[in-house]
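Protein chains: 2
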Amino acid sequence: MNSITNDIKIIKNETSKINEVDFENLTFGNTFTDHMLICDYRNGAWEQPVIKAYEPFTIDPSAKVFHYGQAIFEGMKAYKDENDDVWLFRPDENHLRFNKSAVRMAMPEIPESIFIDGLKTLLNIEKDWVKFGNGNSLYIRPFMIAIGSGVIAQPSSQYRFMIILSPAKSYYSGEVKVIIAEHFSRAANGGIGAAKAAGNYSAQFYPTKLANEQGFQQIIWTDDATHTKLEEAGTMNVFFRIGDTLLTAPTSERILDGVTRKSVLDIAKRDNIATEVRPVLVEELVAAAKNGTLKEIFGAGTAAVINPIVGFSFRDEYFELPKLENSFALEIKEKLNNIQYKLAEDTFNWTVKV
Amino acid sequence: MNSITNDIKIIKNETSKINEVDFENLTFGNTFTDHMLICDYRNGAWEQPVIKAYEPFTIDPSAKVFHYGQAIFEGMKAYKDENDDVWLFRPDENHLRFNKSAVRMAMPEIPESIFIDGLKTLLNIEKDWVKFGNGNSLYIRPFMIAIGSGVIAQPSSQYRFMIILSPAKSYYSGEVKVIIAEHFSRAANGGIGAAKAAGNYSAQFYPTKLANEQGFQQIIWTDDATHTKLEEAGTMNVFFRIGDTLLTAPTSERILDGVTRKSVLDIAKRDNIATEVRPVLVEELVAAAKNGTLKEIFGAGTAAVINPIVGFSFRDEYFELPKLENSFALEIKEKLNNIQYKLAEDTFNWTVKV
Numbered sequence: 001m002n003s004i005t006n007d008i009k010i011i012k013n014e015t016s017k018i019n020e021v022d023f024e025n026l027t028f029g030n031t032f033t034d035h036m037l038i039c040d041y042r043n044g045a046w047e048q049p050v051i052k053a054y055e056p057f058t059i060d061p062s063a064k065v066f067h068y069g070q071a072i073f074e075g076m077k078a079y080k081d082e083n084d085d086v087w088l089f090r091p092d093e094n095h096l097r098f099n100k101s102a103v104r105m106a107m108p109e110i111p112e113s114i115f116i117d118g119l120k121t122l123l124n125i126e127k128d129w130v131k132f133g134n135g136n137s138l139y140i141r142p143f144m145i146a147i148g149s150g151v152i153a154q155p156s157s158q159y160r161f162m163i164i165l166s167p168a169k170s171y172y173s174g175e176v177k178v179i180i181a182e183h184f185s186r187a188a189n190g191g192i193g194a195a196k197a198a199g200n201y202s203a204q205f206y207p208t209k210l211a212n213e214q215g216f217q218q219i220i221w222t223d224d225a226t227h228t229k230l231e232e233a234g235t236m237n238v239f240f241r242i243g244d245t246l247l248t249a250p251t252s253e254r255i256l257d258g259v260t261r262k263s264v265l266d267i268a269k270r271d272n273i274a275t276e277v278r279p280v281l282v283e284e285l286v287a288a289a290k291n292g293t294l295k296e297i298f299g300a301g302t303a304a305v306i307n308p309i310v311g312f313s314f315r316d317e318y319f320e321l322p323k324l325e326n327s328f329a330l331e332i333k334e335k336l337n338n339i340q341y342k343l344a345e346d347t348f349n350w351t352v353k354v
Numbered sequence: 355m356n357s358i359t360n361d362i363k364i365i366k367n368e369t370s371k372i373n374e375v376d377f378e379n380l381t382f383g384n385t386f387t388d389h390m391l392i393c394d395y396r397n398g399a400w401e402q403p404v405i406k407a408y409e410p411f412t413i414d415p416s417a418k419v420f421h422y423g424q425a426i427f428e429g430m431k432a433y434k435d436e437n438d439d440v441w442l443f444r445p446d447e448n449h450l451r452f453n454k455s456a457v458r459m460a461m462p463e464i465p466e467s468i469f470i471d472g473l474k475t476l477l478n479i480e481k482d483w484v485k486f487g488n489g490n491s492l493y494i495r496p497f498m499i500a501i502g503s504g505v506i507a508q509p510s511s512q513y514r515f516m517i518i519l520s521p522a523k524s525y526y527s528g529e530v531k532v533i534i535a536e537h538f539s540r541a542a543n544g545g546i547g548a549a550k551a552a553g554n555y556s557a558q559f560y561p562t563k564l565a566n567e568q569g570f571q572q573i574i575w576t577d578d579a580t581h582t583k584l585e586e587a588g589t590m591n592v593f594f595r596i597g598d599t600l601l602t603a604p605t606s607e608r609i610l611d612g613v614t615r616k617s618v619l620d621i622a623k624r625d626n627i628a629t630e631v632r633p634v635l636v637e638e639l640v641a642a643a644k645n646g647t648l649k650e651i652f653g654a655g656t657a658a659v660i661n662p663i664v665g666f667s668f669r670d671e672y673f674e675l676p677k678l679e680n681s682f683a684l685e686i687k688e689k690l691n692n693i694q695y696k697l698a699e700d701t702f703n704w705t706v707k708v
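Residue numbers (my numbering), protein chains in the order written: chain A, 1 to 354; chain B, 355 to 708.
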């Protein structure tokens, strides 16, 4: 059955694989739903979005995404409440950031009618894939790639925007120990670190592999010029609790403006947790670890929401963090989860019903 | 007719489009030959390379190249001499650099038997696409992309290596005026600037667009921390002639180790042109332009070989370069071309017969 709703063409996938999926044993980002949204940009305009079966597509070997890396994405989640309604968390923030990334990568911005309305239409079709219950969510991956052909280093004239959906369980990555970057860097001043651009992620794989070999799961990146300022963890922003104050770096051209990061700050402020958004120095962290005032480090991002860190290494010295009764990380994570799952009042108006 | 030569499977394209191509009016990088080489990496090993018709391929929407930017490439050229023989220029340098890029991007290295032997086998099939005559060449684009699926920021376990070929005329980009970067940057210390990674190129598109709007064709990038050191031009390394000395920046983690760059240095040294490989300061360039000792600026890269620059802008001041009788750029370009086209003795043993 094909139909057109709100200018979105829908070609229903008549066979669903939902019954083949073991929702209790999902590995993150590997299972996809029955449909995807696809919308091409040609001749200076976005064409009609199409929702159709999730499947591979054909592309030219000279497509610019393969050679020059014009590719951006977002990460979002949909949650189900006890009334079987599906909710998004601050989707406008992701749409806004996607368009900021697009500008920085010389790609076309995408209108709300495609990004937001397209996503809602897709989620309505796939709502059975959003499971009720704490920890369950449907991970949403909107992305855009340059599909124009030609091996000359110039922006493409053709792009493809897609939304794919992947059911997820609560993200637990085990005990996370981090290493403070001293040589490698994630982003340059005046570079693309604040854009959610594909190239920012592959750049971290090799340094992360070296960190893994030393027994650390992730890297906390520092500024590339001096390696003295703590910046972000690559797929998460990072928070430090010194005494009873939560510290995090200001966003910049080098640091992604995370939606979870800003939500953590808002919840902390509302609930009278002292916060400081300012450059946090490596030496300050080491001193606090040594004098016992460093209580917590945690990452904040869409996939894990809040990811507590158990210790960090700097210049071959390892600092174990204390195990706390009153962890800010767990307290804020619960409050954030309760908003996302509609278990607590959403005083911020962050949630949007699909 | 299918055959296997040197472990390369060849599936001949029975229809050639060569007679439809206007070889006198080629735009760079838009026309491709009848065949391509394709070789996949799975389960920790490279599979058998296949030479087959140039055509689009299918790929999953969650392929890691689209989301995390694991993609590297090389640029090379094949030339034809008057005996109808086809020659490569320093192909081992490209193979070496490709593998260095692969390591930095956490991708598998590729053996000579696929990169070099595969390329030679492909060129033997496509030798009619390499046209005799100064300025004519066949541009070679080896590249590797992550084809493994899954929207989790980790290196792929599956990759695709391909070689595609594009006939080219002498690359003339018109008069090139450049602007010295003062805010945007190409690469971070400890970043991926020295790798020929896709993400490095799209990062430059937006700043280049802004430069274009001001009437400049390209940007000379400076170090991201201080913007005081002249680095490279993004698709070319850059040389400065002050007095009768050729200056260029040393390669680093931020600067691509260009094959044309090192060939220019070798020719200059052989022919008693003074060279200095050292950090070149913006203030030094401006001072030399003001006191009249700045004679030339030129870019060096595979596509254009040598690209003379007619003037540069720094902080809204434009400096026009003199028109010279004895241009180092043109002299070295001719010598390099003569080696590449086998019109002069190749004292360096740079050329390799296919």
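Ideal Cβ placement from N, Cα and C applies to all residues, glycine included.
Just so you know, these numbers come straight off a predicted model, no measurement behind them.
- M36/A has a beta carbon lying within less than 8 Å of a beta carbon in chain B.
- For A188/A, the chain B residues whose Cβ falls inside 7 Å of its Cβ are S539, A541, A542, G545, D578, in order along the chain.
- Bounds of the alpha helix (DSSP H) holding Q204/A are 198-213.
- Going by DSSP, V659/B is part of the beta strand (DSSP E) stretching over 659-668.
- In the DSSP assignment, the residues bridged to G655/B are V659/B.
- Where D40/A is concerned, the enclosing beta strand (DSSP E) starts and stops at 35-42.
- Under the three-pair Cβ rule at 8 Å, the segment 518-528 of chain B does not count as touching the segment 558-570 of chain B.
- At a cut-off of 8 Å, the C-beta of P410/B has a neighbouring C-beta in chain A.
- Per DSSP, the unbroken alpha helix (DSSP H) holding R97/A starts and ends at 91-104.
- The C-alpha of R495/B is placed about 34 Å away from the C-alpha of K677/B.
- Between D257/A and the set A195/A, T275/A, Y318/A, G215/A, the nearest pair of CA atoms involves A195/A.
- In the structure shown, A522/B falls within a strand segment according to DSSP collapsed to helix, strand and coil.
- Its Cα nearest to that of D128/A, the residue V86/A stands out among A102/A, V86/A, E93/A.
- Rounded to the nearest whole angstrom, the C-alpha separation of E650/B and S467/B is 41 Å.
- Looking only at D316/A, N124/A, R241/A, V264/A, the smallest Cα-Cα distance to L285/A is reached by R241/A.
- Q694/B: not part of any beta strand (DSSP E); member of the alpha helix (DSSP H) spanning 682-694, first to last residue.
- The straight-line gap separating the alpha-carbon atoms of E325/A and G243/A is approximately 14 Å.
- For K644/B, the secondary structure class from DSSP, reduced to helix, strand or coil, is helix.
- Within chain A, no residue has its CB atom less than 8 Å from the CB of F377/B, the nearest being about 17 Å off.
- Residues of the segment 104-121 of chain A that bring their beta carbon within less than 8 Å of a beta carbon in chain B comprise R104, M105, A106, in sequence order.
- The criterion of a C-beta distance shorter than 8 Å is satisfied by N591/B and G653/B.
- Identification of chain B residues near S62/A by a Cβ-Cβ cut-off of 7 Å yields F386, I518, ordered along the chain.
- The Cβ neighbour count for T347/A, taken over all protein chains shown within 10 Å, is under 16; the residue is labelled exposed.
- Residues of the same chain with a CB within less than 6 Å of the CB of H581/B, apart from the 5 flanking positions on each side, are E536 in chain order.
- Identification of chain A residues near R444/B by a Cβ-Cβ cut-off of 9 Å yields none; the smallest Cβ-Cβ distance measures about 19 Å.
- DSSP places R241/A in no alpha helix (DSSP H) but in the uninterrupted beta strand (DSSP E) bounded by 237-242.
- DSSP, reduced to helix, strand and coil, places W46/A within a strand of the structure shown.
- Between the segment 155-166 of chain A and the segment 38-47 of chain A, the count of Cβ pairs shorter than 8 Å is three or higher; the stretches touch.
- In the structure shown, the three-state DSSP call for A268/A is helix.
- Shown here for Y68/A: same chain residues with a beta carbon closer than 6 Å to its own, the five before and five after excluded, namely A153 in chain order.
- In terms of CA proximity to N30/A, L138/A leads the group A53/A, L138/A, L247/A.
- By the neighbour-count criterion, in which 16 or more other beta carbons inside 10 Å mark a residue as buried, T260/A falls on the buried side.
- Taking 8 Å as the CB threshold, H95/A stays off the interface with chain B.
- Residue state for L584/B is assigned as strand, using DSSP reduced to three classes.
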